[in-house]
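These protein sequence lines are chains A and B, in that order. Mapping to the numbering used here: the first sequence position 61 is 61, numbers consecutive. Mapping to the numbering used here: the second sequence position 155 is 489, numbers consecutive. Below is one structure; the comments refer to it alone.
There are 2 protein chains.
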Amino acid sequence: MASIKEVARAAGVSTATVSRVLANSPHVRPALRERVLKAIKELEYRPNLIARSLRAQQTTTIGLIVSDIRNPFFTAISRAVEDTAYEEGYSLILCNTDEDPKKESIYLNVMRDANVAGVILSPTGPTAAGLRELETGFAVVVIDRSIPDADVDMVLLDNVDSAYRLTRHLLENGYQRIAAICGERSTTGRERCAGYEQALRAYGLLPTAELVRFVPPQIEAGYAAALRLLDLPEPPEALLTTNSLLAAGALEAIRERGLRIPDEIALVTFDETTWASLVQPPITLIEQPTYEIGKTATELLLQRVAEPERPTRRVILKGRLLVRGSSAPRVRCG
Amino acid sequence: MASIKEVARAAGVSTATVSRVLANSPHVRPALRERVLKAIKELEYRPNLIARSLRAQQTTTIGLIVSDIRNPFFTAISRAVEDTAYEEGYSLILCNTDEDPKKESIYLNVMRDANVAGVILSPTGPTAAGLRELETGFAVVVIDRSIPDADVDMVLLDNVDSAYRLTRHLLENGYQRIAAICGERSTTGRERCAGYEQALRAYGLLPTAELVRFVPPQIEAGYAAALRLLDLPEPPEALLTTNSLLAAGALEAIRERGLRIPDEIALVTFDETTWASLVQPPITLIEQPTYEIGKTATELLLQRVAEPERPTRRVILKGRLLVRGSSAPRVRCG
DNA sequence: AATCATTATGAAATCGTTTACAAAAATCTC
DNA sequence: GAGATTTTTGTAAACGATTTCATAATGATT
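Following this line, the structure appears as structure tokens:
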């Protein structure tokens with residue numbers, strides 16, 4: 001309600017002095033500072049952020065652009081981002097794009113219009129390509145997906161290695177015919193697929209195209225892909241999915257076909273969720289350090305806001321293999 | 335980059351005319367309108383929302399204040415709110431308060447400072463009490479929790495009746511000694527508890543304090559409460575929890591005690607989640623129309639923004655009982 | 001064609017800050 | 001205590017839109 005003008009009048013000073021007190025400038029005599037502080041308190045003055053932003057040509061707001069906040073991975077990230085942003089006095093604007101490049105582009109424009117200080121996003125291919133050239137006008141940090149030769153800060157998982165370890169876990173437990181259901185439209189799915197294939201080769205097996213599916217990262221897609229795999233003339237002994245949505249769909253399919261885990265089929269995936277430990281047997285998976293990812297991304301972003309010219313960084317975090325369920329190796333029945 | 339001034343200059347008109355074109359005012363001749371539109375396109379002009387907000391003393395931003403976005407109920411709500419807000423040209427600011435009244439108050443102030451058009455929130459008791467008097471300066475819609483005599487728009491579930499139906503489902507399947515683990519610090523938990531007690535009485539049973547627990551709405555709290563209940567000298571035959579986090583904790587406890595569902599113990603809850611249908615046997619529950627809640631809340635909010643003096647409304651939505659698992663009634667073994 | 005009513009346009013104020021610059025006050029130096 | 005130096009303060013111009021009010025242009029009416 002009260003503006004800086006009224007504070008100035010109440011304290012018998014100019015608005016400039018009030019502003020200086022607000023900014024903790026050293027160039028204001030203690031006596032005046034006291035008077036201003038008193039006036040601020042009495043009038044319950046709070047600076048108008050809009051006015052401040054207009055003047056500064058920048059807000060204390062950051063954007064988080066994800067495909068769908070209901071994906072547990074992004075839910076966890078968003079919590080970390082909000083926590084970290086809040087600590088630094090920033091607010092968080094949330095956007096869902098459903099992996100739609102058009103929506104991504106629209107939201108990036110919204111962000112520009114809103115004068116955000118920066119954006120954390122997980123772009124699809126086309127948008128990622130655009131990011132390489134596009135002068136956005138705000139800081140950008142990419143998470144979850146790598147953009148090969150873009151000069152942008154990134155926070156990523158060691159996807160290839162994580163998928164390798166996850167696949168190896170299956171192989172070491174006696175599974176050989178392993179199928180992979182991967183999220184399409186992102187480097188992440190491809191990288192994880194690469195790790196899966198590397199592991200197969202390392203164990204003397206040949207990846208076959210028949211057992212690898214790229215689908216939209218949704219429960220229904222995972223369900224459909226898994227059904228098709230299970231109905232193959234020679235069905236796989238194990239399923240690897242690259243995120244929790246696909247895993248949920250795959251598990252549904254397994255249930256529908258009445259297959260017993262882990263005897264008749266195994267299921268491993270990425271991303272820890274509430275349900276992964278609640279189903280029986282619990283699911284072995286690669287846990288991503290989601291909170292760390294969100295926190296790191298926010299820190300990188302705010303550092304770049306403070307210092308736009310600093311060299312870009314690419315932080316790679318390690319996934320953690322959580323082995324669950326009976327650890328007894330599988331008895332091959334072939 | 336380009337400002338309204340440059341557009342005006344390029345079109346050979348005043349900024350006022352450009353502004354009128356932007357606002358679709360009828361008071362501008364077609365010839366001029368064309369020129370302005372052309373200049374806008376050529377300069378790729380986009381109005382600066384900050385400047386607009388400063389002038390209008392209001393942004394096109396709304397706030398969503400929840401305890402924790404990672405609670406699947408709020409995750410789903412947030413998606414609906416964002417979708418609906420976006421359709422109307424509004425952006426969404428997300429805040430997590432962890433049920434902490436202090437944080438709620440801080441975030442409400444942040445919202446005021448940010449000049450949001452309105453806020454959707456799910457307040458704890460103290461904040462709810464404050465809302466009754468507090469002149470916030472922006473529109474407010476309360477979700478999930480009722481504030482008895484406040485003059486605020488609300489979107490709620492028929493908690494008492496839903497809990498009644500959920501409990502009745504247990505009773506009709508032969509369960510008699512039913513315990514309830516309820517979320518504390520909200521009217522919602524209390525209302526659901528009331529419905530539970532009503533159902534018991536309707537079936538000639540007396541609610542006992544020993545079987546009702548109020549705990550923070552977290553997995554760990556649900557786990558701990560469930561363990562204590564299961565370890566009672568005379569343990570319950572069924573557990574009812576009032577949200578999915580408590581249910582997850584309770585299920586963990588059930589697993590830890592090695593009890594078989596539904597023969598040795600039953601579990602029912604509120605809130606549909608991915609895992610509720612994936613665990614075996616799947617969980618019977620009351621599904622809240624989360625998307626509808628979020629959408630309705632946003633609509634109410636934006637209507638109030640447009641027309642601040644309209645009478646407040648209280649929308650009550652119905653929960654849906656999803657019966658799952660073997661529907662064979664329980665054979666009492668007592 | 002002159003008058004009046006109506007519509008279209010622009011100049012300038014405004015929203016609430018910050019900050020460059022100038023002026024005033026305090027401090028220092030001899 | 002006068003002058004030079006430093007520090008403190010205030011004035012006023014931004015930032016980029018919208019809108020009031022006055023004026024200019026148009027159209028209608030005789």
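Glycine is no exception: its CB is placed at the ideal position from the N, C-alpha and C atoms.
- Distances from the CA of Ala-76/A to each of Ile-403/B, Arg-413/B and Ser-412/B were compared; the closest alpha carbon is that of Ile-403/B.
- Ile-316/A sits exposed, since fewer than 16 C-beta atoms from the chains shown fall within 10 Å of its C-beta.
- Separation of Thr-624/B and Glu-531/B (C-alpha to C-alpha, rounded to the nearest whole angstrom) is 25 Å.
- Taken in chain order, the complete beta strand (DSSP E) segments of 3 residues or longer contained in the stretch 91-138 of chain A are 91-96 and 118-121.
- For Ala-179/A, the uninterrupted beta strand (DSSP E) segment begins and ends at 178-183.
- Those residues of the stretch 96-117 of chain A placed with their C-beta closer than 8 Å to a C-beta in chain B are Asn-96, Asn-109, Val-110, Arg-112, Asp-113, Ala-114 and Asn-115, ordered along the chain.
- For Glu-252/A, the residues of chain B that pass the 9 Å Cβ criterion are Ser-611 and Leu-612, in the order they occur in the chain.
- Just so you know, the alpha carbons of Ala-581/B and Pro-308/A end up roughly 47 Å apart.
- Leu-383/B and Val-116/A have their C-alpha atoms some 11 Å from each other.
- Within a 10 Å sphere around the beta-carbon of Arg-213/A sit 16 or more other beta-carbons, which makes this residue buried.
- Scanning Leu-22/A, Ile-65/A, Gly-249/A and Asp-83/A for the CA closest to the CA of Glu-104/A turns up Ile-65/A.
- With 16 or more other CB atoms across the displayed protein chains lying within 10 angstroms of its CB, Gly-63/A is buried.
- The Cβ-Cβ distance between Val-28/A and Thr-15/A does not fall below 9 Å.
- For Val-21/A, the uninterrupted alpha helix (DSSP H) run begins and ends at 15-22, by DSSP.
- Taking CB atoms only, Ser-91/A has a neighbour in chain B less than 9 Å away.
- Here Thr-461/B is not near Arg-446/B, since their CB atoms are 9 Å or more apart.
- Counting only runs of at least 4 residues, the stretch 197-285 of chain A fully encloses the following alpha helix (DSSP H) elements, listed from N- to C-terminal order: 219-230, 244-256 and 274-278.
- In the DSSP assignment, Asp-83/A falls within the alpha helix (DSSP H) that extends over 72-87.
- For the C-beta of Ala-76/A, the chain B residues within less than 8 Å are, from N- to C-terminus, Arg-404.
- A Cβ of chain B is located within less than 9 Å of the beta carbon of Pro-47/A.
- Taking the Cα positions, Leu-285/A is about 5 Å away from Val-268/A.
- Contacts with chain B at 9 Å (Cβ-Cβ) include Arg-255/A.
- The C-beta of Ile-50/A comes closer than 9 Å to at least one C-beta of chain B.
- Note that the C-beta distance between Thr-59/A and Leu-92/A is not below 9 Å.
- In summary, Thr-458/B is buried, with 16 or more beta-carbon neighbours lying within 10 Å of its beta-carbon over all protein chains present.
- Around the Cβ of Leu-566/B, a 10 Å sphere holds fewer than 16 other Cβ atoms; the residue is exposed.
- Here Ile-265/A is near Ala-238/A, since their CB atoms are less than 9 Å apart.
- In this structure, DSSP gives Asp-492/B a state outside helix and strand, which the three-state scheme calls coil.
- Nearest CB-CB separation between Leu-94/A and chain B: below the 9 Å threshold.
- For Thr-59/A, the chain B residues whose C-beta falls within less than 9 Å of its own C-beta are Ile-384 and Ala-448, listed in chain order.
- For Ile-553/B, the nearest CB of chain A lies under 9 Å from its own CB, placing it at the interface with that chain.
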